[in-house]
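Engineer: Could you have a look at this structure, given as structure tokens, before my questions?
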Amino acid sequence: MAAEFCRLGARVVVCGRTRESLDETVRRIDGELGEGRAFAVTVDVRDPESVAAMLDRAADLLGEVDGLVNNASGLFPIDAEKLTPGGFDAVVRIVLNGTWHCTSELGRRWLAAGRGGAVVNVLTPYAWTGAPGIVHNASAKGGVLAMTRTLGAEWAGRGVRVNAVAPGWMPVGGTDFLAGDPEIRRRLIDAIPAGRLLRAEETARAAAYLLSDDATYVAGEVLTIDGGHHLSKGLYEFMDELPGRR
Ligand SMILES: CCC/C=C/C(=O)SCCNC(=O)CCNC(=O)[C@H](O)C(C)(C)COP(=O)([O-])OP(=O)([O-])OC[C@H]1O[C@@H](n2cnc3c(N)ncnc32)[C@H](O)[C@@H]1OP(=O)([O-])[O-]
Ligand SMILES: NC(=O)C1=CN([C@@H]2O[C@H](COP(=O)(O)OP(=O)(O)OC[C@H]3O[C@@H](n4cnc5c(N)ncnc54)[C@H](OP(=O)(O)O)[C@@H]3O)[C@@H](O)[C@H]2O)C=CC1
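Right, here's the structure in full:
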């Protein structure tokens, strides 16, 4: 996502807890586009003080911070009845609390300065469909959906826009196992009306639209990019088999 933003002309601070992976991302962007577009700053989004320090550093590096993408997440598949309080908390603190810490800290700064800005939260369609097997992450993403709509309305009149993208399956990061398992990949693709998996650059482009001035009248909205997957064939999957189809 950072690389695609830079290709579109942005200057970007990439954040996370692991210095090496941030530096690797910056190195890749430097190699493609030249130095000075991307910078690495470590942060733990669960810690408000770490978030404030990250935003101070981002402002030093960029001059002004115009946008924020809340992308950090974590999950492990588990039956709901086996999930401990600590396990639920661990995921909610990254996804829901982390999104709040970053958004509230930067939103306050923008409002105090009397200037606008744009936030894009990274959701998934299961924020509203639910996702058996990952109740912690689905609950947290559902919370971020409510936060997106609430702040989208609360801050729209003061130039701070809060929106979200909801990507379908991308064989990257937490789901890169998809690329290596032909059977899972085939079953997924079969269920997606668009007939293929999502490319990471497509998510980045959708987020870039919401961050851009082309979206100044878009507030509290969720842009779903899943090839129709969550709509899918639903209750009527059998319709494909009826005479006259295909
Ligand atoms: C699906 C499509 C969408 C995709 C989205 C993504 O890709 S998102 C990105 C995907 N990528 C990633 O998620 C990155 C890799 N994932 C992670 O690093 C972890 O999953 C994490 C997010 C929980 C880390 O949080 P942490 O460092 O704070 O963890 P900790 O070790 O300190 O444990 C805290 C609590 O959690 C419990 N617990 C932990 N693991 C398991 C488990 N497997 N089983 C059961 N329980 C588990 C542990 O027992 C403890 O609870 P207790 O005993 O105190 O009640
Ligand atoms: N992959 C997919 O198919 C889909 C992904 N999504 C969403 O896209 C986003 C990215 O997912 P993906 O790239 O797959 O996952 P990754 O696991 O690759 O990325 C998660 C990122 O979050 C960072 N992170 C985790 N915890 C923290 C923390 N406490 N503070 C700061 N950063 C943290 C990780 O860096 P580090 O560990 O170094 O801190 C890592 O860079 C997520 O919000 C996910 O829910 C949505 C739909 C589908």
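Counting from 1, position 58 in the sequence shown corresponds to residue 1541 in the working numbering; the numbering is continuous, with no gaps.
Positions of the beta carbon are idealized from the N, C-alpha and C atoms, including for glycine.
Measuring from the CB of N1554, is there a heavy atom of ligand 2 at a distance below 6 Å?
Structural biologist: Yes; taking the cut-off as 6 Å, the Cβ of N1554 has a heavy atom of ligand 2 nearer than that.
Engineer: Going by DSSP, name the residue or residues bridged to V1495.
Structural biologist: The partner list for V1495 (beta bridge, DSSP) reads A1521.
Engineer: Shorter than 6 Å, the distance from the beta carbon of L1464 to the closest heavy atom of ligand 1, or not?
Structural biologist: Given that the chain is displayed from residue 1484 to residue 1729, the structure contains no residue 1464 and the question cannot be resolved.
Engineer: So the candidates are V1605, A1677, A1636, G1590; which of them puts its Cα closest to the Cα of G1711?
Structural biologist: The residue with the shortest Cα to Cα distance from G1711 is A1677.
Engineer: Helix or strand or just coil, what does DSSP make of A1677?
Structural biologist: Reduced to three states, the DSSP call for A1677 is coil.
Engineer: Output the boundary residues of the alpha helix (DSSP H) element that contains R1644.
Structural biologist: Element bounds for R1644: not the alpha helix (DSSP H) but the beta strand (DSSP E), 1643-1650.
Engineer: Taking only the alpha-carbon atoms, compute the straight-line gap between G1581 and A1541 and give it to the nearest angstrom.
Structural biologist: Cα-Cα distance, rounded: 17 Å.
Engineer: What three-state label does DSSP hand I1617 in the structure shown?
Structural biologist: Residue state, collapsed to three classes: coil.
Engineer: Tell me the start and end of each unbroken alpha helix (DSSP H) in the segment 1537-1619 that is at least 4 residues and wholly inside, in chain order.
Structural biologist: Taking only runs of at least 4 residues, the alpha helix (DSSP H) segments lying wholly in the segment 1537-1619 are 1568-1575, 1581-1595, 1609-1612.
Engineer: Can you name, in chain order, every residue of its own chain whose Cβ lies under 6 Å from the Cβ of V1645, other than the five neighbours on each side?
Structural biologist: Closer than 6 Å at the Cβ level, and outside the excluded window around V1645, lie V1602, T1631, L1634, G1635.
Engineer: Could you pull the DSSP bridge partners for V1705 from this structure?
Structural biologist: Its beta-bridge partners are A1647.
Engineer: Closer than 6 Å to a non-hydrogen atom of ligand 2 - does that hold for the CB of T1699?
Structural biologist: Answer for T1699: no, Cβ out of range of ligand 2.
Engineer: As a quick exercise: from A1536, L1491, V1526, D1527, pick the residue whose alpha carbon is nearest that of R1520.
Structural biologist: Here the closest residue by C-alpha is L1491.
Engineer: Short of 6 Å in beta carbon distance, which residues of its chain neighbour S1556, apart from the five on each side in sequence? Order them along the chain.
Structural biologist: Excluding positions up to five away in sequence, the list reads V1578.
Engineer: Considering only residues of the same chain and omitting the five flanking positions on each side of C1489, which have a CB-CB separation below 7 Å?
Structural biologist: The residues are V1495, I1512, L1516, R1520, A1521.
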